[in-house]
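In the working numbering, the protein residues as written are 7 to 592. For every residue, glycine included, the Cβ atom is placed at its ideal position computed from N, Cα and C. Since the structure is predicted, the reported quantities are computational estimates derived from the model, not experimental observations.
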């Protein structure tokens, strides 16, 4: 019985020793093999210089079984950042088209809404210079056309009647003294006639009326007032029997044969507008008809509310078709120059810059930043960023832009994984378990190792010599700042933020320490590296000036959070906070 037990124990021990020896031999064989692979140069493995330098970085050890040349890594091609490759079938489906950059004649067209107004130089007022009463009215309605010299109304004025009598007396006296031998007496009689005649003229009595007064020999009780200019009656205050005083305006007459159109153009377009530039105007009342004129004046002030400058376009009004107050579309044609242009639809406006996608051939497209100048209806001037002959995408560029952003983000994630930044990777499931083992960084991907006896991943922490594998420690975020008279106290839950969802709490107070409850708060957060875009979270007010919003950190590492606060009556606030986030699963 004892011999049988001894034999069984011996066999089990031999099997156990054999298993342990096999595991150890496999482990060291794999370690040596991967060390030999790490010793190969980047050129021998077909890799780029970036792969060679990445292998030399701390944390990129020979045991990384996933190491391979960068251009063989998904999302890490040798193409510039943002470049995309689209298969021929996909290009046809989304309608990608390209065109060459060329020189062409470009004339900027400025469009604005204009309002028809009077030519102020042809606006006339009919007033009286002496008191009296209106007797008879001949032009009795507003909007009626009048001709220069046409009768408007008659006026009885005691002052004018007395002046007529004085003039007639002076004329008779001059006739009686014509035979006087005294030259001085004749001169005085002539001066009296001249002064009386001049007084009648100043009261708007015409020379013809004065001549008729001399022939008649008697004063006329009422004086007829004539239209001083041709035009349309805009205002009429003359009524039979109305008493008027000096300075009373009885009629306003406007000449509408020429009209002014006032248009407001944007501040950015002012530099392109010049005096005497041709302008065309169209009106909804006359479809298909274009009225042409010229820019006659550019006003010297800017409307601070609309950020526009008013320009005046002067044009003839045949048949008086255009009525004051009508709206029209004004098109101002600027000088035509030959310059480098691209189609307007080829440009993507990002807010901070303008982008176009360059066609590199064989379905490869790259974004390029450009500086733009003047614009026409179809084209836009290129000042920097392109040259003649470059091919650019003119349609479906929004889809290319979306694909470019996705490619940049995936490329950045792949690059961080290749250079050993395990605690930054978005998988986050097994990387943290490999901490503390020097030479075992690449073992995260060996999923079968967890089931091997004695090789549990959780036991590898704290092993001697495992430098560089600890994730970046999180930092407690709790900071108070005074900005523009407001107190900003920022904190997080948990206190040490880690990858995943983190609750941000912002306490707002005024200078007296009172809570600010009527503010608009949102958080912008991103990682300071290429290809990472801003994410936005709107915070809600909970109580007593406390605003809360939940952000989602995709990975561990350094993050920048911008706190944006808007309070009525105060300048907007944008405060940046930079801190470290611990790695973890999503």
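query                                                                                                                                                        : result
Please check the pair residue 338 and residue 371, which I expect to be a contact at CB under 8 Å, by giving their CB distance rounded to whole angstroms.   : Wrong, their Cβ atoms sit about 37 Å apart, outside the cutoff.
Can you look up residue 293 in the DSSP assignment and give me helix, strand or coil?                                                                        : coil
When the Cα of residue 136 is compared with those of 252, 324 and 98, which residue comes out closest?                                                       : 252
Tell me, please, which residues DSSP counts as bridged to residue 242.                                                                                       : 257
Could you tell me whether the region 390-409 touches the region 94-103, where touching means 3 or more Cβ pairs closer than 8 Å?                             : yes
Across the region 273-283 and the region 309-318, are there enough close Cβ pairs to call them in contact, namely three or more that are closer than 8 Å?    : yes
Could you spell out the range, first to last residue, of the alpha helix (DSSP H) harbouring residue 175?                                                    : 164-182
Mark residue 184 as exposed unless 16 or more other C-beta atoms lie within 10 angstroms of its C-beta, in which case mark it buried.                        : exposed
In the DSSP output, which residue or residues are listed as bridge partners for residue 593?                                                                 : Residue 593 cannot be examined here, being either before or after the span of the chain that is shown, 7 to 592.
Have a look at residue 533 and residue 568 and give me their C-alpha separation to the nearest angstrom.                                                     : 11 Å
Could you tell me whether the region 360-369 touches the region 294-311, where touching means 3 or more Cβ pairs closer than 8 Å?                            : no
Residues in the same chain with beta-carbon distance under 6 Å from residue 142, minus the five sequence neighbours each way, listed in chain order, please. : 160
Can you give the Cα-Cα distance for residue 179 and residue 158, rounded to whole angstroms?                                                                 : 34 Å
Between which two residues does the alpha helix (DSSP H) carrying residue 191 extend?                                                                        : 189-208
For residue 284 and residue 109, what's the separation of their Cα atoms in angstroms?                                                                       : 24 Å
Taking Cβ to Cβ, would you say residue 500 is nearer than 7 Å to residue 587?                                                                                : no
Between 291, 288, 278 and 547, which has its C-alpha nearest residue 304's C-alpha?                                                                          : 278
Does the count of Cβ pairs from the region 108-123 and the region 320-340 closer than 8 Å reach three?                                                       : yes
For my contact list, residue 256 and residue 133 are in at a C-beta cut-off of 8 Å; report their separation, rounded to the angstrom.                        : 7 Å
With distances taken between CB atoms, is the gap from residue 233 to residue 140 smaller than 7 Å?                                                          : no
What did DSSP end up calling residue 561 once you bin it into helix, strand or coil?                                                                         : coil
Whole angstroms is fine: what's the gap from residue 443's alpha carbon to residue 106's?                                                                    : Residue placement at residue 443 cannot be trusted, given a pLDDT of 42 that sits under 50; what the coordinates show is reported in the next sentence. Residue 443 and residue 106: Cα-Cα distance of roughly 57 Å.
The alpha helix (DSSP H) with residue 220 in it runs from where to where?                                                                                    : 213-222
Taking the Cβ atom as the reference point for each residue, do residue 517 and residue 491 lie within a distance shorter than 7 Å?                           : yes
Is residue 530 closer than 7 Å to residue 512 when the C-beta atoms are compared?                                                                            : no
From 281, 235, 300 and 90, pick the residue whose C-alpha is nearest to that of residue 267; which is it?                                                    : 300
For the beta strand (DSSP E) that contains residue 105, what are its first and last residues?                                                                : 103-106
The alpha helix (DSSP H) with residue 95 in it runs from where to where?                                                                                     : 94-100
Since residue 169 and residue 206 are thought to touch, with beta carbons under 8 Å apart, how far apart are those beta carbons, to the nearest angstrom?    : 6 Å
What is the rounded straight-line gap between the Cα of residue 379 and the Cα of residue 118?                                                               : 19 Å
Taking residue 575 as the reference, which of 560, 526, 556 and 565 has the closest Cα?                                                                      : 526
Please tell me whether residue 584 has its Cβ less than 7 Å away from any Cβ of chain C.                                                                     : As a matter of chain content, chain C is missing from the structure shown, which is built from one protein chain.
Beta carbon of residue 377, beta carbon of residue 387: below 7 Å?                                                                                           : no
Check each candidate in 308, 144, 393 and 163 and name the one with the smallest Cα separation from residue 228.                                             : 163
Starting from residue 300, follow its DSSP beta bridges and name the residues at the other end.                                                              : 284 and 320
On the DSSP letters alone, give me the boundaries of the beta strand (DSSP E) that residue 374 sits inside.                                                  : 370-381
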